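Here's the structure we're looking at; comments come further down.
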Amino acid sequence: MHDGAVTPEKSVPSTSPAPPLSPKERRGALIGAVVGCVCVLVAAFMLLVPMRGALDDERAFRDAVACSRGSGAHEDADDCLRTVTVRVDRTEKREGKKTPSFWVYVTEPDGTSTRTRLRGSADEVPGVGAGKTVQVTYWRDQIRYVEFGSERRYTTADPRGDYKMYCTVGLGLGLYSLLHLWLWLWGTRFSHLSRRAFPWQAGVPTAGGIALTVIGAFAPWPTDSPGEALRLVGVCAPVVVAVCAVAALIVARRQRGDDTIRLTPSVPDKERCFLGVVVGDVPYEGRGGWLVAGPGTLATTPDPTGASFRRAVPGSLRPVRVRPRYRLDPDLPDYDGKAVVLECEDDGVPVFVVTRKKTMPWVLGALEAAGSDRDEAPRP
Numbered sequence: 030m031h032d033g034a035v036t037p038e039k040s041v042p043s044t045s046p047a048p049p050l051s052p053k054e055r056r057g058a059l060i061g062a063v064v065g066c067v068c069v070l071v072a073a074f075m076l077l078v079p080m081r082g083a084l085d086d087e088r089a090f091r092d093a094v095a096c097s098r099g100s101g102a103h104e105d106a107d108d109c110l111r112t113v114t115v116r117v118d119r120t121e122k123r124e125g126k127k128t129p130s131f132w133v134y135v136t137e138p139d140g141t142s143t144r145t146r147l148r149g150s151a152d153e154v155p156g157v158g159a160g161k162t163v164q165v166t167y168w169r170d171q172i173r174y175v176e177f178g179s180e181r182r183y184t185t186a187d188p189r190g191d192y193k194m195y196c197t198v199g200l201g202l203g204l205y206s207l208l209h210l211w212l213w214l215w216g217t218r219f220s221h222l223s224r225r226a227f228p229w230q231a232g233v234p235t236a237g238g239i240a241l242t243v244i245g246a247f248a249p250w251p252t253d254s255p256g257e258a259l260r261l262v263g264v265c266a267p268v269v270v271a272v273c274a275v276a277a278l279i280v281a282r283r284q285r286g287d288d289t290i291r292l293t294p295s296v297p298d299k300e301r302c303f304l305g306v307v308v309g310d311v312p313y314e315g316r317g318g319w320l321v322a323g324p325g326t327l328a329t330t331p332d333p334t335g336a337s338f339r340r341a342v343p344g345s346l347r348p349v350r351v352r353p354r355y356r357l358d359p360d361l362p363d364y365d366g367k368a369v370v371l372e373c374e375d376d377g378v379p380v381f382v383v384t385r386k387k388t389m390p391w392v393l394g395a396l397e398a399a400g401s402d403r404d405e406a407p408r409p
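With our numbering as the guide, the letters of the sequence shown map in order to residues 30 to 409.
Below, the structure written as structure tokens:
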């Protein structure tokens, strides 16, 4: 073995800070900052413009009073409630929507025909069947609710609660933007503190940010005002922070010091083909995306079946240690965050074998079997 060969002692990184960001990482951090800023702007717009307008409409509707008798049919139509007795002509199920609703077609005493939409199905509301007489109440030229007997059914044009969708988008995007801004700050200012591609300083806040985003998006629906929704988020936020703090302590302790991953080699009983690559300045480098492991066999291939275009990995390849991906690894796949890296050396040349953690034991087993065959081979 050459003097520059990889050994477990040389492979374990020192405690000195990792190199600065690569151009690719800087682009990723910049994209995160842009996404965060866009989310902030959209959230602010939603909360300040359409949500405010929806709240004004709801307040005006709640404060509206019945139109005065003897006034013109459309006088003060934008400000008062105009109730008309109408005849139901027919009902019609609205097709193509997950939430069931149906149209109610009515005719007013002056012969004017119109329609409105109610939630549910017509069978659930027999009081609005064909030929029935009901009362409809207009506000700002739209039917807002229907009354029959002692029951009142609000239509889909009911402005109460319309603000909730805007509040959901605003709170959700606002909290989601904090996640992207933190990842930008971590990537540009603090990422040198960890060599890992997926450090806990990014992973734990990401989980917490997603949890807060979900809470913020959900908060408007069980509450009756934006203020109550904010209070609900405020109550849940300390809980999320506490859980993330405990998780950070646990994960930070696990990631401290030597990051070697101990796996038990497993020799496959037959050849198996799975995701993986071999990277290094060697003739058998294979970035085709698949590995074939079997008893004493390890090969790379671009064929998902593993049947053709193989490049056999020689017995001279010696495994050193298994570790997580580092952020400055030479463009290695991450397999949805489940990739691990086997550091190897072949006559002093560093070689990386990358696959998922669950399939890495097969790689170790195949290399172990190949090494045993090499050692047992008769020497000249």
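Think of the CB as a built atom: it goes at the ideal place given N, C-alpha and C, for glycine as much as any other residue.
Because the structure is a prediction, the values reported are computed rather than measured.
Here Ala83 is near Tyr195, since their CB atoms are less than 9 angstroms apart. Using a 10 angstroms sphere on the CB of Pro359, the tally of other CB atoms stays under 16, which defines it as exposed. In the displayed model, Trp250 falls within coil according to three-state DSSP, outside both helix and strand. Under the DSSP definition of a beta bridge, Lys122 partners with Phe131. Proximity to Arg285 across Val157, Glu121, Trp229, Ala395 peaks at Trp229, based on C-alpha coordinates. With contact defined as three or more Cβ pairs closer than 8 angstroms, the stretch 72 to 89 and the stretch 196 to 204 are in contact. Judged by DSSP secondary structure, Ser220 falls outside any alpha helix (DSSP H); it is assigned neither H nor E. The C-beta separation of Ala226 from Pro353 comes to about 7 angstroms, placing the pair in contact by the 8 angstroms criterion. A Cβ-Cβ separation of about 15 angstroms leaves Thr141 out of contact with Val133 under the 8 angstroms criterion. Val233 places its beta carbon 9 angstroms or farther from that of Val163. If you check the CB distance, Thr120 and Gly158 come in under 9 angstroms. Here DSSP, grouped into helix, strand and coil, assigns Ala328 to strand. DSSP places Leu278 inside the alpha helix (DSSP H), whose first and last residues are 255 to 284. The Cβ atoms of Arg148 and Thr128 lie closer than 9 angstroms to each other.
Ser220 and Trp211 have their C-alpha atoms roughly 11 angstroms apart. The residues Ala258, Leu261, in chain order, have a CB closer than 7 angstroms to that of Thr252 in the same chain once the five nearest residues on each side in sequence are set aside. In the three-state reduction of the DSSP assignment, Thr384 falls in the strand class.
Secondary structure note for Pro353: its beta strand (DSSP E) is the uninterrupted segment 347 to 353.
One alpha carbon belongs to Asp92, the other to Val67, and they sit about 36 angstroms apart. The Cβ atoms of Leu207 and Thr235 lie no closer than 9 angstroms to each other. The Cβ atoms of Thr330 and Gly317 lie closer than 9 angstroms to each other. For Leu214 and Val349, the gap between their C-alpha atoms comes out near 35 angstroms.
In the DSSP assignment, Ala89 falls within the alpha helix (DSSP H) that extends over 79 to 92.
Listed as beta-bridge partners of Leu320 by DSSP are Phe303, Thr329.
For Ser142, the enclosing beta strand (DSSP E) covers residues 142 to 148. A Cβ-Cβ distance of about 7 angstroms is found for the pair Val351 and Thr289, placing them in contact under the 8 angstroms criterion.
Going by DSSP, Tyr205 is part of the alpha helix (DSSP H) stretching over 192 to 214. Taking C-beta atoms as the reference points, Glu180 and Gly156 count as a pair closer than 9 angstroms. For Val165, the enclosing beta strand (DSSP E) covers residues 162 to 168.
Residue state for Cys96 is assigned as coil, using DSSP reduced to three classes. Rounded to the nearest whole angstrom, the CA to CA distance from Ala266 to Ser254 is 19 angstroms. Of the residues assessed, Ala336 falls on the exposed side of the cut-off, its CB having fewer than 16 other CB atoms within 10 angstroms.
At least 9 angstroms separates the beta-carbon of Leu304 from that of Leu346. According to the DSSP assignment, Leu371 belongs to the beta strand (DSSP E) that extends over 368 to 375.
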